[in-house]
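Structure record follows, encoded as structure tokens.
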Amino acid sequence: MKKVWLVALLLLAFILAACTSDDSDSEVAEDEIVMWVHVSAEDPEGEVLQNTVDEFNKAYAGEYRAVIEFIPRGGGGAGYEDKVNAAVSTDTLPDVLTLDGPNTAAYAEAEIIAPLDEYIEDKKDFYPSVIEQGTYEDQLYAIGYSESGVGIYYNKEMFEQAGLDPEDVATVDDPWDWDEFTEVAKTLSEEFDGPAIDMMLDDNSEWMMYAFTPFLWSHGGDVVSENGEQAVGVFNEQKSLETLQFIQRLLQNGYTTISPTEYAFQTGQYPMLMSGSWTIQELQSSYPDIEYGIMPYPVSPDTNELVSPTGTWQYGISGTTENEEGAGALVQYLTSTEAIADVSLGNGVLPSRQSSTDMIQDEVSEQMNVLIEQNQKSGRARPVLPAYPQVSRAFQQTIGGLEYYEGEQELQELLDERAQEMQTSIDRR
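Numbered by mature numbering (1 follows the signal peptide of the UniProt record, and there is no 0), the letters in the sequence shown go through residues -20 to -1, 1 to 409 in order.
This is how it looks when you write it as structure tokens:
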């Protein structure tokens, strides 16, 4: 009898071991895809990304399993970019990573990211600025999962107080030119005895390049040549000088300021603010009593061409991944119409593709729709250059230094100096 029980126990142990072995083999067969993202798990964007990855894991159960590592980005890119740079030197990059638009060329050149054209089948549904931002040397290396935009926020009550009709303002189809905008700023500044607009000129960061290049582009100028090889003879030419003079006049007349009062628009002190879509969420949650609208960018009186800034975070496939197909499947899933619509609604950002826009347009605010329309009709990506960080820094210093230069000659000398700095950085790459 004891022998029978012993045989039974051995048989049961064998069956259990076999089952355990099958489960283990099943888990091993499910390839793990590691993704790094630059936000925290508690951030609205982080929550949406996690939900989408969970849905991916259900859809690809038994084949792939994606895992997110949240690495919040600090000021100046510290934290996230530091880890990416460290991973390059130790060959420990993840399979998929997020990257800021201006980093595309540098990451592609360093082989941190690999081409992903074959995994994005419906590129025509993405806005041209998104494809432009992620393309380097005619290959798509990154794909934006949202878009960005900047507009002129205006306080309707303060406009009325200054004798301006808040319903008769600039529109995407009929924007104000620089002269009209300056006249409105003058009226507001005189009425409220202070700056008419906070243009965030105290923000010595990528904001300068991002937000102020549209003025230059609208006027027919540029930062670098189309092939990205020349800054001297491009950035320091007449169109740039005239663009700087427009911004400088706003400063010199006190219509804007390089040292604005903090939250002056949000608290009803300044009647206008130049800012991005993120401010919509801020106003809704923290300043619900401000009745406001959004206008498009002022345009050059010479061209009347509306140009607005674009570009934000993207997905890229690591250049060292051993599971490119799985990484490609994850990026494809994360940039589906539904996934991009979810990010837009959850994080208050513009969608990066037309089908996602169509899906959410009736769910977002009137103000957000102004930015979406402006983006559709006038969005332009920043230049994709390996030397972009150095070029951007020189541009930032140009805008940030306007209060210290007077007269056409001094402005021209400033442009000549900054253009040469850009050129030196470009030539070194």
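The C-beta atom is built at its ideal place from N, Cα and C for all residues, glycine as well.
Taking DSSP as the reference, what is the three-state secondary structure of residue 34? helix
Would you call the CB atoms of residue 133 and residue 259 closer than 8 Å? yes
Three-state secondary structure assigned by DSSP to residue 333: strand
For residue 330 and residue 124, the rounded distance between their alpha carbons: 11 Å
Enumerate in chain order the residues of its own chain whose CB-to-CB distance from residue 114 is below 7 Å, with the five nearest sequence positions on each side excluded. Hits under 7 Å: 84, 120, 121, 122, 123, 124 and 294.
Within the chosen definition, does the segment 385 to 402 reach the segment 303 to 314 through at least 3 CB pairs nearer than 8 Å? no
For residue 142, tell me which candidate among 408, 223, 96 and 173 has the shortest Cα-Cα distance. Closest option to residue 142, Cα to Cα, is 173.
Quick check: the segment 71 to 80 against the segment 14 to 24, are at least 3 beta-carbon pairs closer than 8 Å? yes
Can you tell me whether residue 179 is helix, strand or coil according to DSSP? coil
Does DSSP put residue 273 in a helix, a strand or coil? strand
Alpha-carbon to alpha-carbon, residue 195 and residue 215: 13 Å
With distances taken between CB atoms, is the gap from residue 93 to residue 103 smaller than 8 Å? no
For the segment 398 to 408 against the segment 200 to 213, are there 3 or more C-beta pairs whose distance is under 8 Å? yes
Alpha carbon of residue 460 to alpha carbon of residue 343, nearest angstrom: The chain is shown only over -20 to 409; residue 460 falls outside these bounds and no answer can be derived.
With DSSP collapsed to three states, give me the class of residue 146. Residue state, collapsed to three classes: coil.
Do you know how far the Cα of residue 256 is from the Cα of residue 151? 17 Å
Distance, residue 167 Cα to residue 79 Cα: Between the alpha carbons of residue 79 and residue 167 lies a gap of roughly 42 Å.
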